[in-house]
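Participant: Residue numbers (this note's numbering), protein chains in the order written: chain A, 7 to 210; chain B, 3 to 128. Shown below is the structure under consideration.
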Amino acid sequence: MKIDYRSNDDIHAWADDFRGMFSNASAPPIDVIYIAEIELGLEIIPTPHLFSKIGMDAALAPNLETVYVDEESYLKWEAGQRWIEKRLRFSFAHELGHRVLHEDLIKESKFQTLEDFKRWAGSPENYQRAEYQANEFAGRLLVPIDLLKEEYDRYQAEADKFDSNWRGIECIREHMAKKIAPRFGVNHQVIEVRFDHEGIWPVN
Amino acid sequence: MNFGETIKTLRLARKQTLRQFCFEFGHDPSNWSKIERGVNPPPKDEATLARWAADLGLTAGTSEWDNFMDLAAVGRGQIPKDLMSDEKLVEKLPVFFRTVRGAEFDEEKLDSLIETIRGVHSPDED
Numbered sequence: 007m008k009i010d011y012r013s014n015d016d017i018h019a020w021a022d023d024f025r026g027m028f029s030n031a032s033a034p035p036i037d038v039i040y041i042a043e044i045e046l047g048l049e050i051i052p053t054p055h056l057f058s059k060i061g062m063d064a065a066l067a068p069n070l071e072t073v074y075v076d077e078e079s080y081l082k083w084e085a086g087q088r089w090i091e092k093r094l095r096f097s098f099a100h101e102l103g104h105r106v107l108h109e110d111l112i113k114e115s116k117f118q119t120l121e122d123f124k125r126w127a128g129s130p131e132n133y134q135r136a137e138y139q140a141n142e143f144a145g146r147l148l149v150p151i152d153l154l155k156e157e158y159d160r161y162q163a164e165a166d167k168f169d170s171n172w173r174g175i176e177c178i179r180e181h182m183a184k185k186i187a188p189r190f191g192v193n194h195q196v197i198e199v200r201f202d203h204e205g206i207w208p209v210n
Numbered sequence: 003m004n005f006g007e008t009i010k011t012l013r014l015a016r017k018q019t020l021r022q023f024c025f026e027f028g029h030d031p032s033n034w035s036k037i038e039r040g041v042n043p044p045p046k047d048e049a050t051l052a053r054w055a056a057d058l059g060l061t062a063g064t065s066e067w068d069n070f071m072d073l074a075a076v077g078r079g080q081i082p083k084d085l086m087s088d089e090k091l092v093e094k095l096p097v098f099f100r101t102v103r104g105a106e107f108d109e110e111k112l113d114s115l116i117e118t119i120r121g122v123h124s125p126d127e128d
């Protein structure tokens, strides 16, 4: 069963609608784990070696009701390692993206095991499209466009004072993303992708 | 509802994720999750159970607290300690076991059994 093409605009609309369903998701960082576990009632199961075995620190089970989370990542988060918190936040948002965008397909496919599901999602015709869509959903969910523009405008106003051609300076893009990322609780790479996909600062 | 389901329900009633709850009260999330799902049995230690009950917002002496302790005992396959200290009740337990194992366990027999246990365990008789 193939995953249909979806435009970015379509995915963004799904992500915005989804965020709008939850009153506690109006201000970033969006607590996607709270949404998954408390609002949606999903079962969160800390699982040893999930990341080392399948390279994921969160994985939605084919029943769509369970999220396996890498136990080591969970413990590192507790130990105060902020980079893990950001990665887990994005991973949960990504899995929610699969649940929202691919729910019907996953249900129709009637997977019996996580391995079957991974095989389906990992098939060449599905993998790229499914992962791209879930990533785009996650990015938009965690980084609301109006707030991103607000941050960009603020930075732009400051940067203009020093050099009106600041967008042409190679390292500025990453620097700006690093300045903005903490508000959203994500890694700076997520912000750089948002600049591109939201048309704020497209990659040439 | 069994012990695992009960502690999960109580945690969710507090609107706390597994991570938030375990972080606040110093529990291991993996172990806690296993107990919620019935993979691991409830702890034996009474002090630990009492701390868990308090963490989940229960108050000692209430029926919810007693139910929590009873479910923990049942979850470990044990009869609650306070019942085992009641000699009259313990004497009746073999009858109870025989009855619940019996093939013919109709409503009348069940009522009769409950009355028997109530009679034995009534505080008024002490």
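Positions of the beta carbon are idealized from the N, C-alpha and C atoms, including for glycine.
1) Does the beta carbon of A/I36 sit closer than 8 Å to a beta carbon anywhere in chain B?
2) Short of 8 Å Cβ to Cβ, which residues in the stretch 103-137 of chain A face chain B?
3) Please decide whether A/P52 counts as near chain B, where near means a Cβ-Cβ distance under 8 Å.
4) What I want to know is whether the C-beta of B/D47 ends up closer than 7 Å to one or more non-hydrogen atoms of the ligand SAM.
5) In three-state terms, what does DSSP make of A/D169?
6) Compare the C-beta of B/T19 with all C-beta atoms of chain A and state if any pair is closer than 8 Å.
7) Any beta carbon from chain A within less than 8 Å of B/P43's own beta carbon?
8) Whose CA, out of A/K167, A/A33, A/A163, A/L153, lies closest to the CA of A/E204?
9) Check the DSSP bridge columns for A/P208 and list the partner residues they point to.
10) When the cut-off is 8 Å and only beta carbons count, does A/I60 lie next to chain B?
11) Interface residues of chain A around B/L14 at Cβ under 9 Å?
12) Can you tell me the Cβ-Cβ gap for B/S35 and A/P52, rounded? I've got them flagged as a contact below 8 Å.
13) Check the C-beta distance from A/P68 over to A/I9 and give it rounded, since I have them as a contact under 8 Å.
14) Alpha carbon to alpha carbon, how far is B/G6 from A/R189?
15) For the 8 Å Cβ check, are there 3 or more pairs between the stretch 10-25 of chain B and the stretch 123-133 of chain A?
16) Within 10 Å of its beta-carbon, does B/D128 have 16 or more other beta-carbons around it, so buried, or fewer, so exposed?
17) Secondary structure at B/V41, three-state DSSP: helix, strand or coil?
18) DSSP state of A/Y11, grouped into three classes?
19) Starting from B/P31, find everything on chain A with Cβ-Cβ shorter than 7 Å and list it in chain order.
20) Given a cut-off of 8 Å on the beta-carbon distance, is the pair B/L51 and B/M71 in contact?
21) Which parts of the stretch 61-119 of chain A are runs of the alpha helix (DSSP H), unbroken and 4 residues or longer, counting only runs that do not cross its ends?
22) Suppose you measure from the CA of A/E78 to the CA of A/G26; what does that come to, to the nearest Å?
23) By the 10 Å Cβ neighbour count, where 16 or more other Cβ atoms means buried, how is B/M86 classified, buried or exposed?
24) Can at least three beta-carbon pairs, one atom from the stretch 141-158 of chain A and one from the stretch 26-42 of chain A, be found at a separation below 8 Å?
25) Using 8 Å as the limit for Cβ to Cβ distance, is A/E204 near chain B?
26) Given that B/F25 touches chain A, what residues does it touch there, using C-beta distances under 7 Å?
27) Helix, strand or coil: how does DSSP classify A/I197 here?
28) Mind checking whether A/A140 and A/L94 have CB atoms under 8 Å apart?
29) Measure the Cβ-Cβ separation of A/F28 and A/I41 and say whether it is below 8 Å.
30) Span of the beta strand (DSSP E) holding A/E49?
31) Over the uninterrupted alpha helix (DSSP H) stretch that includes B/S65, give me the two end residues.
32) Note down the Cα distance separating A/H55 from A/H194, rounded to an integer number of angstroms.
33) Since A/L143 and A/A21 should fall inside the 8 Å C-beta cutoff, what is the C-beta to C-beta distance between them, to a whole number of angstroms?
34) At 9 Å on the CB atoms, spell out the chain B contacts of A/I39, in chain order.
Facilitator: To lay it out plainly:
1) As a first step, residue 36 of chain A must be located in the first sequence, where it is residue number 30. No - not a single Cβ of chain B is within 8 Å of the one on A/I36.
2) none
3) Walking along the first sequence from the start, residue 52 of chain A turns up at place 46. Yes, its Cβ sits closer than 8 Å to a Cβ of chain B.
4) Absence of the ligand SAM from the depicted structure is noted, as is the absence of any ligand whatsoever, leaving it without description.
5) One-based indexing of the first sequence puts residue 169 of chain A at position 163. Residue state, collapsed to three classes: coil.
6) As a position in the second sequence, residue 19 of chain B is number 17, starting the count at 1. So, interface residue.
7) Within the second sequence, residue 43 of chain B is the residue found at index 41, counting from 1. Closer than 8 Å: no.
8) In the first sequence, counting from the first residue as 1, residue 204 of chain A sits at position 198. Out of A/K167, A/A33, A/A163, A/L153, A/L153 has the C-alpha closest to the C-alpha of A/E204.
9) Here residue 208 of chain A refers to the residue found at position 202 of the first sequence. Paired residues: none, contrary to the question.
10) On the first sequence, position 54 is the one that residue 60 of chain A refers to. So, not an interface residue.
11) Here the question's residue 14 of chain B lines up with position 12 in the second sequence. Going along chain A in sequence order, the residues near B/L14 (Cβ under 9 Å) are E43, I44, G47.
12) Position 33 of the second sequence, counted from the start, is the residue given in the question as residue 35 of chain B. Position 46 of the first sequence, counted from the start, is the residue given in the question as residue 52 of chain A. Correct: roughly 6 Å between the Cβ atoms.
13) Stepping through the first sequence from its first residue, residue 68 of chain A is reached at position 62. Stepping through the first sequence from its first residue, residue 9 of chain A is reached at position 3. 15 Å between Cβ atoms; not a contact.
14) Counting from 1 along the second sequence, the entry for residue 6 of chain B is found at position 4. Counting from 1 along the first sequence, the entry for residue 189 of chain A is found at position 183. Taking the straight line from one Cα to the other gives about 37 Å.
15) no
16) Counting from one through the second sequence, the residue named residue 128 of chain B turns up at place 126. Low local confidence applies: a pLDDT of 41 at B/D128 is under 50, so the model's placement there is unreliable, with the coordinate-based value given in what follows. B/D128 should be labelled exposed.
17) Here residue 41 of chain B is taken as the residue at index 39 of the second sequence, counted from 1. In the structure shown, B/V41 sits in coil (DSSP, three-state: anything other than H, G, I, E or B).
18) The residue you call residue 11 of chain A lines up with position 5 of the first sequence. It is coil, neither helix nor strand.
19) Here residue 31 of chain B is taken as the residue at index 29 of the second sequence, counted from 1. The answer, in chain order, is P52, Y80.
20) Translated into the one-based positions of the second sequence, residue 51 of chain B becomes position 49. Translated into the one-based positions of the second sequence, residue 71 of chain B becomes position 69. Result yes, Cβ atoms of B/L51 and B/M71 sit closer than 8 Å.
21) 77-84, 88-107, 109-115
22) Position 72 of the first sequence, counting from 1, holds the residue named residue 78 of chain A. Position 20 of the first sequence, counting from 1, holds the residue named residue 26 of chain A. C-alpha separation (whole angstroms): 32 Å.
23) As a working note, residue 86 of chain B is residue 84 in the second sequence. Per the 10 Å Cβ criterion, exposed.
24) yes
25) Position 198 of the first sequence, counted from the first residue, corresponds to residue 204 of chain A. Chain B, which has no Cβ nearer than 8 Å to the Cβ of A/E204, makes this no.
26) Residue 25 of chain B sits at position 23 when you count from the first residue of the second sequence. Near B/F25 (Cβ distances below 7 Å), the residues of chain A are E84.
27) Within the first sequence, the letter at position 191 stands for residue 197 of chain A. Of the three classes helix, strand and coil, the one that applies to A/I197 here is helix, per DSSP.
28) Within the first sequence, numbered from 1, the residue matching residue 140 of chain A stands at position 134. Within the first sequence, numbered from 1, the residue matching residue 94 of chain A stands at position 88. In this structure, A/L94 does not lie closer than 8 Å to A/A140 by Cβ.
29) Translated into positions along the first sequence, residue 28 of chain A becomes position 22. Translated into positions along the first sequence, residue 41 of chain A becomes position 35. Contact flag set, yes.
30) Counting from 1 along the first sequence, the entry for residue 49 of chain A is found at position 43. It spans 49-53 - the beta strand (DSSP E) in which A/E49 sits, taken as one unbroken run.
31) Your numbering for residue 65 of chain B matches position 63 in the second sequence. Counting along the chain, the alpha helix (DSSP H) containing B/S65 begins and ends at 65-77.
32) As a position in the first sequence, residue 55 of chain A is number 49, starting the count at 1. As a position in the first sequence, residue 194 of chain A is number 188, starting the count at 1. Those two C-alpha atoms are separated by around 26 Å.
33) Looking up residue 143 of chain A in the first sequence gives position 137. Looking up residue 21 of chain A in the first sequence gives position 15. Here residue 143 of chain A is Phe; the residue named in the question, Leu, does not match the sequence. Contact flag correct, Cβ pair sits at about 5 Å.
34) As a position in the first sequence, residue 39 of chain A is number 33, starting the count at 1. Residues of chain B passing the Cβ test: T19, L20, R21, Q22.
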